[in-house]
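Everything below concerns the one structure shown next.
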Amino acid sequence: MGSLSCYQCRRHVVLNFTIFFIFRVVSSATFTFVNKCDFTVWPGILGSPKLESTGFELTKGTARSFQAPTGWSGRFWGRTGCNFDDSGHGSCVTADCGSEQVECNGAGATPPATLAEFTLGSGSQDFYDVSLVDGYNLAMVVEASGGSGDCSSTGCLTDFNLKCPSELRTDDGAGCRSACEAFGSPEYCCSGAYNSPAACKPSMYSEMFKSACPKSYSYAYDDATSTFTCTSADYTITFCPSMPSLKSSRDSSPKTADSETAVGGTESGTIQETSLASSWLASLVTGDSPRTYPFWKVQYGFALVTSLIIHL
Numbered sequence: 001m002g003s004l005s006c007y008q009c010r011r012h013v014v015l016n017f018t019i020f021f022i023f024r025v026v027s028s029a030t031f032t033f034v035n036k037c038d039f040t041v042w043p044g045i046l047g048s049p050k051l052e053s054t055g056f057e058l059t060k061g062t063a064r065s066f067q068a069p070t071g072w073s074g075r076f077w078g079r080t081g082c083n084f085d086d087s088g089h090g091s092c093v094t095a096d097c098g099s100e101q102v103e104c105n106g107a108g109a110t111p112p113a114t115l116a117e118f119t120l121g122s123g124s125q126d127f128y129d130v131s132l133v134d135g136y137n138l139a140m141v142v143e144a145s146g147g148s149g150d151c152s153s154t155g156c157l158t159d160f161n162l163k164c165p166s167e168l169r170t171d172d173g174a175g176c177r178s179a180c181e182a183f184g185s186p187e188y189c190c191s192g193a194y195n196s197p198a199a200c201k202p203s204m205y206s207e208m209f210k211s212a213c214p215k216s217y218s219y220a221y222d223d224a225t226s227t228f229t230c231t232s233a234d235y236t237i238t239f240c241p242s243m244p245s246l247k248s249s250r251d252s253s254p255k256t257a258d259s260e261t262a263v264g265g266t267e268s269g270t271i272q273e274t275s276l277a278s279s280w281l282a283s284l285v286t287g288d289s290p291r292t293y294p295f296w297k298v299q300y301g302f303a304l305v306t307s308l309i310i311h312l
């Protein structure tokens with residue numbers, strides 16, 4: 001009896017551990033950052049619970065991935081024109097988080113900043129968007145993969161700094177402020193008497209952002225065409241995903257890992273990326289996106305459970 005009890009105890013321990021492992025595999029999400037700009041970008045991260053990093057350097061043509069648990073909520077952005085010394089102290093020209101370090105340490109982006117915002121569901125839908133409510137500093141696209149549901153791509157492919165009205169343009173021309181940031185008026189900020197969807201309407205400035213980036217948030221109550229959902233997906237955040245940057249024969253689809261990975265390529269990779277960029281453009285207009293379903297995660301988990309039971 002003692003032997004049987006020990007056997008049952010071991011089996012329960014193994015099964016409980018395996019179920020926990022499956023839950024972690026199925027429920028966690030991977031965020032992958034890809035830099036296709038012709039310059040270094042320093043992504044910033046603000047969210048809860050805290051991820052592996054709150055800010056890091058992403059050189060031209062590289063990618064880096066992070067795991068995030070279900071229930072995570074936060075935002076990402078790209079800092080540009082940064083100058084950090086050997087000890088990691090310094091600042092950035094756009095979207096600086098004010099920490100005076102590479103790590104943002106719980107601080108958000110200083111406007112203007114293009115933002116990617118996420119709330120990961122716990123066994124339910126994830127919500128995500130790309131927001132220009134705090135202005136624009138960098139082209140950015142978010143793509144979902146391995147998920148089920150709508151899972152549309154979203155973002156802004158346009159270099160809006162080239163189209164920015166002079167009254168919104170930063171002094172150095174590296175960013176385009178929102179009308180709220182530039183003028184501080186309640187009707188632009190959707191504050192005070194304008195703090196409701198009925199009272200706060202699109203302005204001529206927000207409509208300019210919307211025209212250039214139709215699937216991005218252009219003002220605070222731009223929800224209907226700007227918030228997207230997906231279930232059990234991984235996400236890729238790409239900086240500068242525009243057609244010109246994809247034409248270089250040195251670029252190709254990124255290979256990513258948990259640490260920073262170089263992105264190299266050949267002429268065939270160029271053709272593939274041009275095709276990918278075209279699919280992005282179509283997706284950003286129609287709301288469609290190619291995706292696969294994450295059944296492999298569940299199948300792997302059940303196979304592992306079966307194998308462990310057989311060998312007990």
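So in the UniProt record's numbering, spot 206 of the sequence shown is number 206, and the numbers just go up one at a time. Ideal Cβ placement from N, Cα and C applies to all residues, glycine included.
- Contact between residue 54 and residue 104 holds, with the beta-carbon distance rounding to 4 angstroms and staying under 8 angstroms.
- Counting the other CB atoms within 10 Å of its CB gives residue 204 a total below 16, which places it among the exposed residues.
- Residue 143 counts as buried, since at least 16 other C-beta atoms from the protein chains shown sit within 10 angstroms of its C-beta.
- The continuous alpha helix (DSSP H) containing residue 212 extends over residues 204-212.
- Separation of the CB atoms of residue 46 and residue 146 is rounded to 25 angstroms, and the pair is thereby denied contact status at 8 angstroms.
- Fewer than three pairs of CB atoms, one per stretch, sit closer than 8 angstroms, so the segment 122-136 makes no contact with the segment 49-67.
- The Cβ neighbour count for residue 160, taken over all protein chains shown within 10 Å, is at least 16; the residue is labelled buried.
- For residue 39, the three-state secondary structure derived from DSSP is coil.
- Residue burial is scored here from C-beta neighbours: residue 241 has at least 16 other C-beta atoms within 10 angstroms and is therefore classed as buried.
- Take the alpha-carbon of residue 98 and the one of residue 227: they are about 28 angstroms apart.
- When the five nearest sequence neighbours on each side are left out, the beta carbons in the same chain lying within less than 8 angstroms of the beta carbon of residue 154 are those of 128, 129, 130, 141, 142, 215, 216, 226, 228, 284, in order along the chain.
- Each of 76, 134, 156 was checked against the Cα of residue 119, and the nearest Cα belongs to 76.
- For residue 143, the uninterrupted beta strand (DSSP E) run begins and ends at 140-145, by DSSP.
- The DSSP-derived three-state label of residue 56 is coil.
- Under the criterion of beta carbons closer than 8 angstroms, residue 84 and residue 78 do not qualify as touching, at roughly 15 angstroms.
- If you check the CB distance, residue 176 and residue 168 come in under 9 angstroms.
- Residue 130 has 116 as its beta-bridge partners, per DSSP.
- Checking the DSSP bridge columns, you'll see residue 34 partnered with 63, 238.
- Residue 111 and residue 148 have their C-alpha atoms spaced approximately 34 angstroms apart.
- Taking C-beta separations shorter than 8 angstroms and ignoring five residues to either side along the sequence, the partners of residue 39 in its chain run 60, 80, following chain order.
- Taken through DSSP and simplified to helix, strand or coil, residue 29 comes out as strand.
- In the DSSP annotation of this structure, residue 156 is not part of any alpha helix (DSSP H); the continuous beta strand (DSSP E) holding it starts and ends at 154-156.
- Taking each of 223, 163, 234 in turn and checking the Cα distance to residue 208, the smallest one comes out for 163.
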